[in-house]
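In the working numbering, the protein residues as written are 269 to 970. Cβ coordinates follow ideal geometry from the N, Cα and C atoms, glycine included. Reviewing the structure listed below.
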């Protein structure tokens, strides 16, 4: 039932991926060989015969005449030839003469930049010419080799500079982050994406343009984990560009330059010389690298069998710092699983620029050995804590339009966030009114948080996938008794239950419940709380989408996903429901499910935008001066009384405050460290500075 895997997600390549190797025959004994276009230019100026000897022995003897030719009559052909010749010379010398190689690579990047952006070539530059893409590859390849040499010589400084003074007689070049909520000083090191081959994700997503995709790494220092002390490494996708200022009239070697560290999750292009330039990026390899650093294969077992240890890891986790303007999509795993089960789905969703631009993806980690109603109470309080920390009281703020996506038991936890308990949850298990319960205040408070609650007004849509809404037959007397022996609930749970039963001997409707329940007990078709949840109605402004898995070639009513029968996973009166041919452990990452999630998230944006537009029209209509005769000319109809478009649910009224996590899969407000009784924050409090986002460092690895 777990979605985790113990296999590696990335592997080091024997040789870095380099699209220029074959073009220039860099590994051929007869190589290197310049392109036909460059050789033609060399032949035109009686330099071709010198290529083989000079490029191997004294490349400056060959490059010098081409530089003089280019300075006297600059053309795209001579600019391209210089970029190519410097690159080949750098590749020849990178092992024995690192300093000389770095100088050549920098020169190649500069001439490539000139070819692509210098206004002198505006009338003759042809983006349809294969040479144009060849120059892009030369720029990227030269820049990558510069970075590789600097990294190997430990010239990347955490202070935000890459030191080329020791390599190419250059001063230190600044690193300017763009699109990140931190500074260059926050980055400690990097890995080159081209060094790694992705194994653990079904698909790999990259975009093509300029820049070198990297894995940016930030060390958080010593932290405490469930198994002791350790070091938490946060890694993110990024792209490095080397931007050159000045014009062709400036001496090429003296043009000022700076590195720009770009966030590919925020933007797919940059502006250069008035042009929109696509950024080369890879968002899948850094994800796979990070998952390997997390050693995720342990989490699902600890979450199920070692509840007390897993509670220290409970919390809402993110892949990047909190993004104030983006709508949270919180994914909740199921029984015997962990957030790692969502990584393929997350990889697919983040590959869509329109979704990446508007959404931030969060993951909930909880002990799946506990009954789902206990975990639902924990999540309810974690969301409230985030609300207090980052909340915005304005209607239609991103945090007041949250989407919850739950797989298996996680779907029950998600659904429990948007219903009201009333007295039904308590009365389903107790014969004694809560007001008459004999218990100390601490115990009463613990019971109250689980059995009495209101809907979370920040959650505006839910999706349940393979969820046992009416229980699973796999939860039977045998499995329940077996799991009670294997699942280690906290000692305090047993002590509290014993004390309450002693003081209230006639409390329980079912005396068997005197022994604390596990998650498997809570999924029984006979579970009274499960029945109450199934019969609970969602607020009208919270659409519920449902996805059901089946694996047999039989009528749906007799079908199953191997764990949850169709009859239990199916729901009437939902906003939408699809049936997917997939088993229980795969249904949440099946291509049809991912396509449905994309549709639902885009629909969510459409309805939010329509609601905002309608609210703006209403505001304008109230502000416009009008006479008696005009008052009926702007009649928006009764559906617009609450400022929403016809057919669009009114936006929920956001409470004061909302939550937020820290770094990649770092809990925003982890249950194990944040008190349940956090004081209410200032609803108008601005988002904290980046440093504050990382003050609750937690690793997801026990």
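**OP:** Examine the Cβ distances between the segment 352-365 and the segment 311-318 and report whether three or more of them are shorter than 8 Å.
**Re:** no
Original post:
Can we say the segment 335-350 touches the segment 374-387, given the rule of at least three CB pairs closer than 8 Å?
Top reply: yes
Original post:
Is it buried or exposed for residue 598, if we count other Cβ within 10 angstroms and need 16 for buried?
Top reply: buried
**OP:** Leaving aside the five residues before and after residue 836 along the sequence, list all residues of the same chain whose C-beta is less than 7 Å from its C-beta, in chain order.
**Re:** 736, 737, 738, 739 and 740
**OP:** Can you tell me which of the three DSSP states residue 465 falls into?
**Re:** strand
Subject >> Coarse secondary structure for residue 630, derived from DSSP in three states >> reply: strand
**OP:** Within its chain, find whatever has a CB closer than 6 Å to the CB of residue 844; leave out the 5 residues flanking it on each side and keep chain order.
**Re:** 813
Original post:
Using the beta-carbon count (16 or more within 10 Å), is residue 632 buried or exposed?
Top reply: buried
Original post:
Taking all protein chains shown into account, do 16 or more other C-beta atoms lie within 10 angstroms of the C-beta of residue 789, making it buried, or fewer, making it exposed?
Top reply: buried
Original post:
Considering only the beta carbon of each residue, do residue 543 and residue 447 sit closer than 8 Å?
Top reply: no
Original post:
Count the other CB atoms within 10 Å of the CB of residue 853; is the residue buried (16 or more) or exposed (fewer)?
Top reply: buried
Original post:
For residue 502 versus residue 559, is the C-beta distance shorter than 8 Å?
Top reply: no
**OP:** For the alpha helix (DSSP H) holding residue 585, just list the boundary residues, first then last.
**Re:** Where residue 585 is concerned, there is no enclosing alpha helix (DSSP H), although the beta strand (DSSP E) it sits in stretches over 583-586.
Original post:
In terms of alpha-carbon separation, which member of 550, 480, 278 and 692 lies closest to residue 464?
Top reply: 278
Subject >> DSSP beta-bridge partners of residue 475 >> reply: 549
Subject >> Reference residue 365; option with closest CA among 379, 390 and 326 >> reply: 326
**OP:** Note down the Cα distance separating residue 871 from residue 547, rounded to an integer number of angstroms.
**Re:** 28 Å
Subject >> Same chain, Cβ closer than 8 Å to residue 685, neighbours up to 5 away in sequence not counted >> reply: 644, 647, 648, 651, 672, 723, 724, 727 and 730
**OP:** Name the residue from 613, 669 and 603 whose alpha carbon lies nearest to the alpha carbon of residue 639.
**Re:** 603
Original post:
In angstroms, rounded to a whole number, what distance separates the CA positions of residue 801 and residue 595?
Top reply: 26 Å
Subject >> Close beta carbons around residue 412, own chain, < 6 Å, minus the five adjacent residues each side >> reply: 480
Subject >> Beta-carbon gap between residue 680 and residue 869 smaller than 8 Å >> reply: no
**OP:** Please confirm whether residue 391 and residue 305 have their CB atoms less than 8 Å apart.
**Re:** no
Original post:
Since residue 835 is in the alpha helix (DSSP H), which residue starts that stretch and which ends it?
Top reply: 834-837
**OP:** Leaving out five residues on either side along the sequence, give the residues of the same chain with a beta carbon under 7 Å from the beta carbon of residue 706.
**Re:** 771 and 772
**OP:** Quick one: grab the DSSP three-state call for residue 828.
**Re:** strand
Original post:
Does DSSP classify residue 778 as helix, strand or coil?
Top reply: coil
Original post:
Does any heavy atom of the ligand NAD sit closer than 7 Å to the C-beta of residue 693?
Top reply: What this structure holds is no ligand at all, so the ligand NAD is not there to describe.
Original post:
So what's residue 874 in DSSP terms, helix, strand or just coil?
Top reply: helix
Subject >> Within-8 Å CB hit, residue 410 to chain C >> reply: Within the model displayed, chain C is absent; a lone protein chain is all it includes.
Subject >> Unbroken alpha helix (DSSP H) run spanning residue 791, endpoints >> reply: Unbroken run through residue 791: none, as it is neither H nor E.
Original post:
If you count every other CB in all the chains shown that lies within 10 Å of the CB of residue 778, and 16 or more means buried, which is it?
Top reply: exposed
Subject >> Euclidean distance between Cα positions of residue 466 and residue 734 >> reply: 28 Å
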